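A.B. asks: This structure is in structure tokens; I'll ask about it shortly.
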Amino acid sequence: MGSKIERTYEQAKSAWEAAHPPRHYLSVADLNAQSARAVLQLAQAMKTATRNGEELYRFSRPVALALIFEKPSLRTRVAWEVGLYQMGAYGIYLTQADIQMGKREAVMDIARNLSRWVQAIVARVFLHSTLEELARFASVPVINALSDREHPCQALADLMTIHERKGEQPLTLAWVGDGNNVCHSFTLLGAVLGHRLRIATPEGYEPNATIIAKAQQLAQQAGGSVELMHDPVAAVADADVVYTDVWVSMGYETEREVRLRHFQGYQVNTALLKCAKPDAIVLHCLPARRGEEITDEVLDGAQSAAWDQAENRLHTQKALLALMLG
Ligand code: CP
Ligand code: NVA
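Numbering follows the numbering used here, with no gaps: position 88 of the sequence shown is 113.
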């Protein structure tokens, strides 16, 4: 490791330590503006290094992580496994078929066992309460890889992508579609970093009221705002960023027919995108249901930043882990 590279990590680490860093990362609300910026700045430097065939941070001791997935994944799993490999750490992929959390063994006992072998637990779960239970009984950090409530690792990649494309100025960020887990984490992190958020959902699909109250409080402290609405055109008008996600999240498949009906009019298509700023970027956490919440034309178009966003899952997760465990 060159000394400039070492200094980059040391600077991010001291900013992180000074910012009351969390022991676990279950929600974006576990971060503040300082700790979030430390992750994003380190992730940007790590991206440059990795693209140059170097690694900015490698563990100097043996580090293994349990990667628990109760639901399918492409991006989250691959970004964790590749990231751990690049940092000289090891990940053990555990599906529900392997460990059957809460069925074969109590969640608290799994947390206690894993804590004796691994240095952190990453978990994608149906119920957010499962993560809270893992965190309560684990003696190692627990990181949320998606729950019904939040997707906080995704939000780090989202805001990194926005900063890369638009700089760190306050921006208007429009969310169109389901007020779901991804919406919650994106809104919280956008608020922490002082952006103006407009969230358009159909009636009955608004984001969680407690999370929005928290986001509004955070936005106010940072000079931003969070507004809920039902009109996608009003949300997108002059926006810098337009973000959507699937209408039927994992775990909601039985509601598919009724959701498809309720979300008509919320598609991110060329006509809607024309209402945003001409240089607006489009985000999607992926996987996308092409032709439902987003058209091919928009997802594959010049304004789409979805592939950068997917790449940035790697760099942000590596930065988070280097700061949490380094
Ligand atoms: N965005 C995201 O988390 O993708 P996966 O479900 O494929 O991990
Ligand atoms: N809201 C989606 C995100 C997938 C990454 C889901 O929970 O299925």
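Even glycine gets a Cβ: it sits at the ideal position worked out from N, Cα and C. Keep in mind the model is a prediction, meaning the values are calculated, not measured.
Per DSSP, what are the beta-bridge partners of G78 in this structure?
C.D. replies: Counting from 1 along the sequence shown, the entry for residue 78 is found at position 53. DSSP lists no partner for G78.
A.B. asks: Classify N57 as helix, strand or coil using the three-state DSSP reduction.
C.D. replies: Against the sequence shown, residue 57 aligns to sequence position 32. Of the three classes helix, strand and coil, the one that applies to N57 here is coil, per DSSP.
A.B. asks: For a test of the three-state rule: what should DSSP assign to Y110, helix, strand or coil?
C.D. replies: Residue 110 sits at position 85 when you count from the first residue of the sequence shown. Three-state DSSP puts Y110 in a helix.
A.B. asks: Which value, in whole angstroms, describes the spacing of the CA atoms of L103 and A43?
C.D. replies: On the sequence shown, residue 103 is found 78 positions in, with the first residue counted as 1. On the sequence shown, residue 43 is found 18 positions in, with the first residue counted as 1. According to the sequence shown, residue 103 is Val rather than Leu. Each residue's alpha carbon lies about 31 Å from the other.
A.B. asks: What does a CB cutoff of less than 8 Å around G351 pick up in its chain, not counting 5 residues either side in sequence?
C.D. replies: On the sequence shown, residue 351 is found 326 positions in, with the first residue counted as 1. Once the five neighbours on either side are set aside, the close Cβ partners of G351 are Y34, K38, Y82 and F84.
A.B. asks: Please report the Cβ distance between L249 and P177, rounded to the nearest whole angstrom; I am assuming they are in contact, meaning their Cβ atoms lie under 8 Å.
C.D. replies: Here residue 249 is taken as the residue at index 224 of the sequence shown, counted from 1. Here residue 177 is taken as the residue at index 152 of the sequence shown, counted from 1. First, the amino acid is wrong: residue 249 is Gly here, not Leu. Not confirmed; about 18 Å, so no contact.
A.B. asks: Is it true that the segment 254-263 meets the segment 160-179, where meeting means three or more beta-carbon pairs spaced less than 8 Å apart?
C.D. replies: No, they do not touch.
A.B. asks: Is M26 helix, strand or coil by DSSP?
C.D. replies: In the sequence shown, counting from the first residue as 1, residue 26 sits at position 1. Reliability fails at M26, whose pLDDT of 49 lies under 50, so the model's placement of it is uncertain and no value is given.
A.B. asks: If you run the structure through DSSP and keep just helix, strand and coil, what is H49?
C.D. replies: Position 24 of the sequence shown, counted from the start, is the residue given in the question as residue 49. DSSP places H49 in coil when its eight states are reduced to three.
A.B. asks: Please tell me whether, using a cut-off of 8 Å, the distance from the CB of G276 to the nearest non-hydrogen atom of the ligand NVA is below it.
C.D. replies: Indexing the sequence shown from 1 puts residue 276 at position 251. Flag set: Cβ of G276 near the ligand NVA.
A.B. asks: Out of Q179, G127, S274 and R190, state which residue places its alpha-carbon closest to the alpha-carbon of V307.
C.D. replies: Numbered from 1 along the sequence shown, position 282 holds the residue referred to as residue 307. Ranking Q179, G127, S274 and R190 by Cα distance to V307 puts R190 first.
A.B. asks: Drop a sphere of 10 angstroms on the beta-carbon of R48, count the other beta-carbons inside from all chains shown, and report buried for 16 or more, exposed for fewer.
C.D. replies: Start at 1 with the first residue of the sequence shown, and residue 48 comes out as number 23. Exposed: under 16 other Cβ atoms inside 10 Å.
A.B. asks: If the criterion is Cβ atoms closer than 9 Å, does the pair L348 and A63 meet it?
C.D. replies: For this step, residue 348 is matched to residue 323 along the sequence shown. For this step, residue 63 is matched to residue 38 along the sequence shown. Taking 9 Å as the Cβ cut-off, L348 and A63 qualify as a contacting pair.
A.B. asks: On a Cα-Cα basis, can you pick out the residue from P87, K72 and L171 that is closest to E80?
C.D. replies: Against the sequence shown, residue 80 aligns to sequence position 55. Comparing Cα positions, the closest option is K72.
A.B. asks: Using CA coordinates, which residue listed in L119, N169 and V143 is at the minimum distance from S154?
C.D. replies: Against the sequence shown, residue 154 aligns to sequence position 129. Closest by alpha carbon: N169.
A.B. asks: Tell me the start and end of each unbroken beta strand (DSSP E) in the segment 262-306 that is at least 3 residues and wholly inside, in chain order.
C.D. replies: Entirely contained in the segment 262-306, the beta strand (DSSP E) runs reaching 3 residues are, in chain order, 266-269.
A.B. asks: Taking only the alpha-carbon atoms, compute the straight-line gap between I93 and L119 and give it to the nearest angstrom.
C.D. replies: Here residue 93 corresponds to residue number 68 of the sequence shown, with the count starting at 1. Here residue 119 corresponds to residue number 94 of the sequence shown, with the count starting at 1. Computed Cα separation, rounded: 5 Å.
A.B. asks: Is the closest heavy atom of the ligand CP to the C-beta of L311 under 8 Å?
C.D. replies: Looking up residue 311 in the sequence shown gives position 286. Under cutoff, so the answer is yes.
A.B. asks: Assuming N206 is part of the alpha helix (DSSP H), what are its boundary residues?
C.D. replies: Translated into positions along the sequence shown, residue 206 becomes position 181. Where N206 is concerned, the enclosing alpha helix (DSSP H) stretches over N206 to V217.
A.B. asks: Give me the residue from H209, D325, Q125 and P303 with the minimum Cα distance to S52.
C.D. replies: Numbered from 1 along the sequence shown, position 27 holds the residue referred to as residue 52. S52 has its Cα closest to that of H209, out of H209, D325, Q125 and P303.
A.B. asks: Can you grab the Cα-Cα spacing for the pair A114 / W142, in whole Å?
C.D. replies: Taking the first residue of the sequence shown as 1, we reach residue 114 at position 89. Taking the first residue of the sequence shown as 1, we reach residue 142 at position 117. Cα to Cα, the separation comes out at about 13 Å.
A.B. asks: With a threshold of 8 Å, establish whether the CB of K38 neighbours any heavy atom of the ligand NVA.
C.D. replies: In the sequence shown, counting from the first residue as 1, residue 38 sits at position 13. No, the beta carbon of K38 sits no closer than 8 Å to any heavy atom of the ligand NVA.
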